Amino acid sequence: MSRKNKPQVGKNADLAASKTEKKTAGQFILFACLFIFTVFCFAPVLLVFISAFTDEIYITQHGFSFFPEKWSMAGMNAVLRYGKQLFTSYAVTIFVTVAGTLLGLLIMSMYAYAMSRKEFKLAKFLAIFLLIPMLFNGGQLSGYIVFTSMYKLKDSLLLLILPLCVSTMNVIILRTYIVNSIPSELMEAAKIDGAGEYRTFFQITLPLLKPSLAAVGFMMATAYWNDWQNALLYIDTNSKKPLQLLLVNIQKSIQFLLNNNNVPASARAAMGGAIPQNSATMATVIVVIGPIMVAYPFFQKYFIKGLTVGSVKG
Amino acid sequence: MKGFLENTWKHRAHVILALPVFLVLFFIMYVPMTGLILAFKDFDVTKGIYGSPFCGLENFKFLIASKSTFINITKNTIFYYILFTALGTFLNVTLAIAIDQCIFKKMTKVMQTLMIIPVFISYAAVQFIVYAFISKDTGLINNALGTNTSFYMNPALWPAILTITKIWKDTGYGSVLYMSVLAGIDTELYEAAEIDGANRWKKIWHITLPSLIPMITVMLLLSVGNVMRSDTGLFYQVTRDSGVLYSTTQVIDSYVLHAIFKNSNFGFTAATSFFQSIVGLLLMLFANWMVKKIEPENALF
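Going line by line, the protein sequences match chains A and B.
When you read off a place in the first sequence, starting at 1, and then add 328, the result is the number in the numbering used here.
When you read off a place in the second sequence, starting at 1, and then add 61, the result is the number in the numbering used here.
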């Protein structure tokens, strides 16, 4: 028994030791390198925030800068105060993200559960059926033609939800978790106690699946939030345009936002009649990427765990 | 067969649980596969995919007629795949080891969080960040160097721009996977090596790297199946789909996307898509076969 516990103890002891490890010159150099790389990764993000609050005339005269001499709220104001479309788009993106993620998680865990049952002979077929789309697919062109001219779904929110709803990799992650981390005795016990298949799944398996659902869910939500391609291909009506599409068509969008009748003449005059193009663009970027930046630190641990689970196929 | 049907009926609840995903996969993934026959058809919107007349290999003649485009997009697709995979793997592994070795754990954790952020920014947004750096009149780079380079007019500069963008976006995230492997290395190995007098570099060379090799191999092999697919956003959004830059930036996926919007060159696009899917399938099978030989437990099937 003591032998079994040893690695655990050894690991903790080692962690403690590494804290008191010598701070050699090499360590400082390594730290400096990591710091430089962090700056490389984060500085561009910072630039977005700074530019959004930089005076437009300053940008056109001196260019984008990390240390602008003149600040202004004009860009942010332009986007926030007059952007009725922005709120519509927010609603669309939030709806698609929430609906798609919840639907996907539910049906994928159902499939993963059915696939993981050993006594179920069709499970093999389900596994193959799931795998084939990973190996072979029709490509963008036939997808586009099938969805628009066969299903006649052009301009439907369904095309924002369904294509990202199921992914082979995510089902495999969920199935691996069910097989490796949920004891099958639990589910058998539930059945002996008289719970039906559905009840076993919804009351035993699904709640125990939570850590893996959080990881997969966060990745899915990010994919939905960031999806511009399906929106660009399929959505035409303004009332169905998600946020990413505003970014894609930003030049038009900003004009649209500002030339819209929502903008009172007095306000337009106050902006000097000019559109704060650069800063407003950056302000839009902030508005679009903001929610993920805020949510990500909370999900970081789940999502790192999820990646790890996914890499080990059971 | 009878036993099979009986078993299925007995577990009909499982069938019902599996049904929604089955339907989604069927309509979203499987039906479009049949669309590949368009490569052999003269597509007519009014007649649909199945009603359009067959035209034999007519569409592939377009491929040969526009040989230079076809060669260019295929060449770019493969070139960027090799560049991104080689450089990406190297940087992901290096970063993972660097983070693992650094003893300032708390600071490293914060830095790692910041490094992962770019992966969550869509390419639709990334293009504006890139623009802020390389725009001709207002860009940071021209301002800092006092130059007046028109980046958006100069295709020769784009392999570098795209590579830097890709590294910026994906390296922090890419290293996470390798870090999880490093966390699983038995610390006793390091202790034993230390007793034997190994220094830090020796430990990295003889313990850390060898333990990463299986994961590196698997990731590389599995990625082989995706040679023909690219990060569409990088090539379509970041370049602003600018025609001037096509010679170094257009890949198959961004070409097809462009063709769908411009409604142009249908036969060529259908033939190219067919080529892309078939080569993709063959490479996938090859990759899996290789993984099976080297790391059987990581094979897809």
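Beta carbons are placed, not taken as given, at the ideal position from N, Cα and C, and that holds for glycine.
Owing to the predicted nature of the structure, the values given are computational and were not obtained by experimental measurement.
**OP:** Compare the Cα-Cα distances from L414/A to each of I532/A, V615/A, F530/A and report the closest residue.
**Re:** Considering only alpha carbons, the answer is V615/A.
Subject >> Burial state of I501/A, where buried means 16 or more other Cβ atoms lie within 10 Å >> reply: For I501/A, the number of other beta carbons within 10 angstroms of its own is at least 16, and it is reported as buried.
**OP:** List the residues of chain A whose Cβ lies closer than 8 Å to the Cβ of N68/B, in chain order.
**Re:** By Cβ distance, chain A contributes E447, F448, K449, L450.
**OP:** Could you check if W399/A is buried or exposed, using at least 16 other CB atoms within 10 Å of its CB as the buried criterion?
**Re:** The C-beta of W399/A has fewer than 16 other C-beta atoms within 10 Å across all chains shown, which makes the residue exposed.
Original post:
Mind checking if D257/B is an interface residue toward chain A, Cβ cutoff 9 Å exclusive?
Top reply: Taking Cβ atoms only, chain A never reaches closer than 9 Å to D257/B, which makes this a no.
**OP:** Check each residue of the stretch 226 to 244 of chain B: if its Cβ is closer than 7 Å to any Cβ of chain A, include it; give the result in chain order.
**Re:** When C-beta distances to chain A are compared with 7 Å, the residues of the stretch 226 to 244 of chain B below that value are W229, G233, V237, L238, S241, in chain order.
Original post:
By how many angstroms is the C-alpha of G391/A removed from the C-alpha of V376/A?
Top reply: Rounded to whole angstroms, V376/A to G391/A spans 13 Å at the Cα level.
Subject >> For I489/A, the nearest candidate out of Y562/A, F365/A, T496/A, R503/A (CA to CA) >> reply: I489/A has its Cα closest to that of Y562/A, out of Y562/A, F365/A, T496/A, R503/A.
Original post:
At what residues does the alpha helix (DSSP H) containing N287/B begin and finish?
Top reply: No alpha helix (DSSP H) holds N287/B; DSSP gives it neither H nor E.
Original post:
Under a Cβ-count criterion, where at least 16 other Cβ atoms within 10 Å of its own Cβ denotes burial, should R73/B be classed as buried or exposed?
Top reply: Its Cβ having fewer than 16 others within 10 Å, R73/B is exposed.
**OP:** Would you check if the distance between the CB atom of H75/B and the CB atom of E513/A is smaller than 9 Å?
**Re:** Contact flag unset, no.
**OP:** At 4 residues or longer, and completely inside the stretch 362 to 421 of chain A: list those alpha helix (DSSP H) runs for me, N to C.
**Re:** If one requires a minimum length of 4 residues, the alpha helix (DSSP H) runs lying completely within the stretch 362 to 421 of chain A are 384 to 390, 402 to 410, in chain order.
Original post:
Are any of the Cβ atoms in chain B nearer than 9 Å to that of S379/A?
Top reply: True, the Cβ-Cβ gap to chain B drops below 9 Å.
Subject >> Cβ-based contacts, 8 Å cut-off: residues of the stretch 485 to 517 of chain A near chain B >> reply: If the cut-off is 8 Å between Cβ atoms, the stretch 485 to 517 of chain A has L490, P491, C493, V494, V499 near chain B.
Original post:
Relative to the C-alpha of L152/B, which residue among P114/B, M240/B, V312/B is closest?
Top reply: Of P114/B, M240/B, V312/B, the smallest CA-CA separation from L152/B is found for M240/B.
Original post:
T528/A: which of L541/A, P511/A, S567/A sits nearest, CA to CA?
Top reply: Distance from the Cα of T528/A is smallest, within the candidate group L541/A, P511/A, S567/A, for P511/A.
Original post:
Can you list the residues of chain B that K351/A reaches, using a CB-CB cut of under 8 Å?
Top reply: Chain B residues near K351/A: I164.
Subject >> Counterpart residues of F165/B in DSSP-defined beta bridges >> reply: Residue pairing of F165/B in beta bridges, as defined by DSSP: absent, with no partner found.
**OP:** Please list, in chain order, all residues of the same chain as I277/B whose beta carbon is under 7 Å from its beta carbon, the five residues on each side excluded.
**Re:** Excluding residues within five positions, the ones whose Cβ falls inside 7 Å are T150, V154.
Original post:
Is DSSP giving K538/A helix, strand or coil here?
Top reply: Residue state, collapsed to three classes: helix.
Subject >> Cutoff 7 Å; reference Y552/A; Cβ partners in own chain excluding five residues on either side >> reply: Here the set comprises V424, T425, G428, T429, L492.
Subject >> Three-state secondary structure assigned by DSSP to K102/B >> reply: Note: K102/B maps to strand in three-state DSSP.
**OP:** Give the C-beta separation of P604/A and A402/A to the nearest angstrom, bearing in mind that I take them to be a contact with Cβ-Cβ under 8 Å.
**Re:** In this structure, P604/A and A402/A form a Cβ contact; the two beta carbons are roughly 5 Å apart against a cut-off of 8 Å.
Original post:
Out of curiosity, what's the CA-to-CA distance linking D483/A and H319/B?
Top reply: Distance between the alpha carbons of D483/A and H319/B is about 19 Å.
Original post:
Exposed or buried, what is G304/B when buried is set at 16 or more other beta-carbons lying within 10 Å of its beta-carbon?
Top reply: Answer is exposed; the Cβ neighbour count stays below 16.
**OP:** Below 7 Å CB to CB, which residues in the same chain sit around I195/B once its five sequence neighbours on both sides are set aside?
**Re:** The beta carbon of I195/B sits closer than 7 Å to the beta carbons of I202, F212, I222 from its chain, once the five residues preceding and following it are set aside; these are given in chain order.
Subject >> Beta carbon proximity, I178/B to chain A, threshold 9 Å >> reply: Yes, contact with chain A.
Subject >> Interface flag, L201/B vs chain A, CB-CB below 9 Å >> reply: Yes - at least one Cβ of chain A is within 9 Å of the one on L201/B.
**OP:** Would you check if the stretch 467 to 474 of chain A and the stretch 326 to 342 of chain B touch, i.e. whether three or more CB-CB distances between them fall below 8 Å?
**Re:** Result yes; three or more Cβ-Cβ pairs closer than 8 Å.
**OP:** Decide if P93/B is buried, meaning its Cβ has at least 16 other Cβ atoms within 10 Å, or exposed.
**Re:** That one is buried.
Original post:
For F115/B, which beta-bridge partners are listed by DSSP?
Top reply: BP columns for F115/B point to K102/B.
Original post:
Excluding five sequence neighbours on each side, which residues of the same chain lie with their C-beta closer than 7 Å to the C-beta of T612/A?
Top reply: The answer, listed in chain order, is V407, L574, L575, I578.
Original post:
For the stretch 365 to 392 of chain A, which residues have a beta carbon sitting closer than 8 Å to at least one beta carbon of chain B?
Top reply: Residues passing the 8 Å Cβ filter: F365, T366, F368, C369, F370, P372, V373, L375, V376, S379, I387, T388, H390, G391, F392.
**OP:** Find the nearest neighbour of M547/A within the set N465/A, F530/A, M497/A, K449/A, judged by alpha-carbon distance.
**Re:** Taking only the C-alpha atoms, the option nearest M547/A is M497/A.
**OP:** Measure the alpha-carbon distance for M404/A versus T382/A and round it to whole angstroms.
**Re:** Cα to Cα, the separation comes out at about 10 Å.
Subject >> Which of helix, strand or coil DSSP assigns to Q355/A >> reply: The DSSP-derived three-state label of Q355/A is helix.
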